[in-house]
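To convert, count from 1 in the sequence shown and add 201; that's this note's numbering.
Notes for the one structure printed next.
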Amino acid sequence: MSAVLPVAVKTIRDLSPSMMRLVFEAEDFGRLQATPCPDGWGRLCFPDAASVLPRRPHLTGRLEGACILRRIAPPGAVTIDILRPDRGLTAVWAARARPGDRLLMSQPEGRFPLPAGSGRLLAFADITGLPTRPHLSAGIALPR
Numbered sequence: 202m203s204a205v206l207p208v209a210v211k212t213i214r215d216l217s218p219s220m221m222r223l224v225f226e227a228e229d230f231g232r233l234q235a236t237p238c239p240d241g242w243g244r245l246c247f248p249d250a251a252s253v254l255p256r257r258p259h260l261t262g263r264l265e266g267a268c269i270l271r272r273i274a275p276p277g278a279v280t281i282d283i284l285r286p287d288r289g290l291t292a293v294w295a296a297r298a299r300p301g302d303r304l305l306m307s308q309p310e311g312r313f314p315l316p317a318g319s320g321r322l323l324a325f326a327d328i329t330g331l332p333t334r335p336h337l338s339a340g341i342a343l344p345r
């Protein structure tokens, strides 16, 4: 697992009854490295019940959630869209999140490089795949 960075919730916005958008501020944005793959995702490590972050996070246990990173932009903003009806750890935490809440985030990872020269891409996804769509379409020239 790559480096872990402290982040804090900057803004929370409802996109629809099913989707919410959280923007995080990375405290050490210079260490954050985007992945060249359009399916860039990161793991979140949540604080315990007393809002204490672990000293040495092991992003392999119960206190983690994987999510698609919609956007990484200077000067330190990381945007994540979260499916609200999901009862996973990330959605449950996000439903209670407030600006200023802190957590830890791993460096982005990706596993789906677009084939060189791709002119078209057919992708199927349910609602959980919506945050990935802008990344996929940005990587290819769309027909006009």
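Note that CB positions come from ideal geometry on N, CA and C, so glycine has one too.
What's the call for residue i, buried or exposed, on a 16-neighbour Cβ count within 10 Å?
{"i": "F247", "result": "buried"}
{"i": "F225", "result": "buried"}
{"i": "A176", "result": "Residue 176 lies beyond the stretch modelled for the chain, which goes from 202 to 345, so this question has no answer here."}
{"i": "D229", "result": "exposed"}
{"i": "D240", "result": "buried"}
{"i": "S307", "result": "buried"}
{"i": "R171", "result": "This structure leaves residue 171 out entirely; the chain is present only between 202 and 345."}
{"i": "A227", "result": "buried"}
{"i": "G318", "result": "exposed"}
For residue i and residue j, which I take to be in contact (beta-carbon distance under 8 Å), what is that distance rounded to the nearest angstrom?
{"i": "L315", "j": "L322", "result": "7 Å"}
{"i": "D282", "j": "R222", "result": "5 Å"}
Rank the options by C-alpha distance to the C-alpha of residue i and give the top, closest one.
{"i": "L284", "options": "V224, A227, R272 and S217", "result": "S217"}
{"i": "R232", "options": "L331, M221 and A274", "result": "A274"}
{"i": "A292", "options": "E310, I269 and P309", "result": "I269"}
{"i": "A356", "options": "D215, Q234, M221 and V224", "result": "Nothing about residue 356 can be reported from this structure: the residues present for the chain run from 202 to 345 only."}
Helix, strand or coil: which one does DSSP assign to residue i?
{"i": "L331", "result": "helix"}
{"i": "R285", "result": "coil"}
{"i": "A298", "result": "coil"}
{"i": "R232", "result": "helix"}
Measuring only between beta-carbons, confirm whether residue i sits less than 8 Å from chain B.
{"i": "A292", "result": "Protein chain content of the structure displayed is limited to a single chain, and chain B is not contained in it."}
When the Cβ atoms of the region 208-215 are set against those of the region 293-303, are three or more pairs found closer than 8 Å?
yes
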